[in-house]
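Residues in the sequence shown are numbered from 82 upward in steps of one, following our numbering. Here a beta-carbon is modelled for each residue, glycine too, at the ideal position from N, C-alpha and C. Remarks on the structure that follows.
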Amino acid sequence: LCLAGYLSVSIQPLPSVVIGDTVTLKCNFQTDGNLREIVWFRGSTQEVEGGSAKQKIFTYDAMYNSTYSHMEDNHRREDLIYQSTVRLPEVQMEDEGLYECHVGIYDKSSTNKVILASGSITLTVIVPPKSISVVAANSPAPFSRYEAHNFTLVCIVTGAKPAPVVRLSLFTVYLSGLFYVS
Numbered sequence: 082l083c084l085a086g087y088l089s090v091s092i093q094p095l096p097s098v099v100i101g102d103t104v105t106l107k108c109n110f111q112t113d114g115n116l117r118e119i120v121w122f123r124g125s126t127q128e129v130e131g132g133s134a135k136q137k138i139f140t141y142d143a144m145y146n147s148t149y150s151h152m153e154d155n156h157r158r159e160d161l162i163y164q165s166t167v168r169l170p171e172v173q174m175e176d177e178g179l180y181e182c183h184v185g186i187y188d189k190s191s192t193n194k195v196i197l198a199s200g201s202i203t204l205t206v207i208v209p210p211k212s213i214s215v216v217a218a219n220s221p222a223p224f225s226r227y228e229a230h231n232f233t234l235v236c237i238v239t240g241a242k243p244a245p246v247v248r249l250s251l252f253t254v255y256l257s258g259l260f261y262v263s
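Quick look at the structure:
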């Protein structure tokens with residue numbers, strides 16, 4: 082006979098998110114017990130003695146049916162939109178990282194004992210390129226449409242995360258005696 086109770090926790094998977102988008106983190110849990118609390122944590126890249134730090138961002142207290150933000154008001158951007166769901170508006174690079182949802186239920190044998198389970202997900206933020214340019218390196222100027230020149234094309238991409246994969250395609254179309262390369 083098991084009196085402890087059943088508790089399963091997972092966080093809904095997410096695709097990578099583009100900087101500036103809004104993302105919703107949903108903690109799914111199943112239990113046959115009585116909910117005690119749901120606590121959201123954000124992982125940290127800061128190394129502290131013994132590992133990395135976790136920052137508590139929200140708590141839902143089922144006993145008092147109330148929510149608490151653990152963020153300072155001037156830094157708070159997260160919203161708890163339901164007991165188990167957190168919304169991050171206008172995602173920034175510093176939002177990237179590990180998020181954890183911890184759920185606690187009362188043990189069926191005692192309201193003084195809480196059973197805990199958690200789920201986690203890593204939020205990946207993508208930054209589109211700030212600029213893309215293609216330049217001819219070491220080319221004589223000016224070009225003559227009647228002379229063939231060898232030259233090197235250089236593609237320059239700045240401000241992208243992850244680093245872009247650059248592919249150069251050459252399509253030549255003959256129009257009215259001129260060659261256009263696009």
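(Q) Suppose you measure from the CA of Q136 to the CA of A217; what does that come to, to the nearest Å? (A) Looking up residue 136 in the sequence shown gives position 55. Looking up residue 217 in the sequence shown gives position 136. Between Q136 and A217, the C-alpha separation is close to 49 Å.
Q. In whole angstroms, what separates the C-alpha of H183 from that of G124?
A. By one-based count along the sequence shown, residue 183 stands at place 102. By one-based count along the sequence shown, residue 124 stands at place 43. Those two C-alpha atoms are separated by around 13 Å.
Q: Take L104 and list the residues in its own chain whose beta-carbon comes closer than 6 Å to its own, dropping the five residues that flank it on each side.
A: On the sequence shown, residue 104 is found 23 positions in, with the first residue counted as 1. The amino acid occupying residue 104 in the given sequence is Val; Leu does not appear at that position. V98, L169 and V172, listed in sequence order.
Q) How long is the line joining the alpha carbons of S257 and T233, rounded to whole angstroms? A) Locating residue 257 in the sequence shown gives position 176, counting from the first residue. Locating residue 233 in the sequence shown gives position 152, counting from the first residue. Note that S257 has pLDDT 41, beneath the 50 cutoff, so the model's placement of it is unreliable and no number is given.
Q. Of all the options L88, S191 and P94, which has the alpha carbon lying nearest to the alpha carbon of K203?
A. Working through the sequence shown from its first residue, we reach residue 203 at position 122. With the sequence shown as reference, residue 203 is identified as Thr, and Lys is not the correct amino acid for it. That would be P94, whose Cα lies nearest to the Cα of T203.
Q: Look at the alpha carbon of N109 and the alpha carbon of V90, and state the distance between them as a whole number of angstroms.
A: As a first step, residue 109 must be located in the sequence shown, where it is residue number 28. As a first step, residue 90 must be located in the sequence shown, where it is residue number 9. Going by the C-alpha atoms only, they are around 6 Å apart.
Q: Can you check DSSP and say which residues form a bridge with Q136?
A: Here residue 136 refers to the residue found at position 55 when the sequence shown is read from its first residue. Its beta-bridge partners are R123.
Q: Would you kindly work out how many angstroms separate the C-alpha atoms of D102 and E177, rounded to a whole number?
A: In the sequence shown, the residue the question calls residue 102 occupies position 21. In the sequence shown, the residue the question calls residue 177 occupies position 96. Between the alpha carbons of D102 and E177 lies a distance of about 12 Å.
Q.
Using CA atoms only, rank isn't needed, just tell me which of G114, P96 and S165 is closest to K189.
A. The residue you call residue 189 lines up with position 108 of the sequence shown. The candidate whose alpha carbon is nearest that of K189 is G114.
Q.
Going by DSSP in three states, D142 sits in which element: helix, strand or coil?
A. Along the sequence shown, read from residue 1 onward, the residue named residue 142 stands at position 61. If DSSP states are grouped into helix, strand and coil, D142 belongs with the strands.
Q. P67: which of G240, V206 and Q164 sits nearest, CA to CA?
A. Residue 67 is absent from the structure shown; the chain starts at 82 and stops at 263.
Q | Beta-carbon contacts of A198 that lie in its chain and below 7 Å, excluding the five residues immediately before and after | A | In the sequence shown, the residue the question calls residue 198 occupies position 117. These residues qualify, in order along the chain: L88, S89, V90 and V184.
Q) If you run the structure through DSSP and keep just helix, strand and coil, what is E171? A) Position 90 of the sequence shown, counted from the start, is the residue given in the question as residue 171. DSSP places E171 in coil when its eight states are reduced to three.
(Q) For a quick check, are the C-beta atoms of L287 and I186 less than 8 Å apart? (A) Because the chain in this structure spans residues 82 to 263, residue 287 falls outside the shown range and cannot be described.
Q: Could you tell me which residues DSSP puts in a beta bridge with N109?
A: The count along the sequence shown starts at 1 and reaches residue 109 at position 28. S91.
Q.
Between which residues of its own chain and D142 is the CB-CB distance below 6 Å, once the five residues before and five after are set aside?
A. Within the sequence shown, residue 142 is the residue found at index 61, counting from 1. Cβ contact annotation for D142 (same chain, cutoff 6 Å, sequence separation greater than five): E118, in chain order.
Q: Output yes or no for whether 8 Å exceeds the beta carbon distance between T239 and S212.
A: Numbered from 1 along the sequence shown, position 158 holds the residue referred to as residue 239. Numbered from 1 along the sequence shown, position 131 holds the residue referred to as residue 212. Cβ atoms of T239 and S212: closer than 8 Å.
**Q.** Minimum C-alpha distance to Q111 - residue among P245, I100, T148 and S165
**A.** For the purposes of this step, residue 111 is taken as the residue at position 30 of the sequence shown. It is S165.
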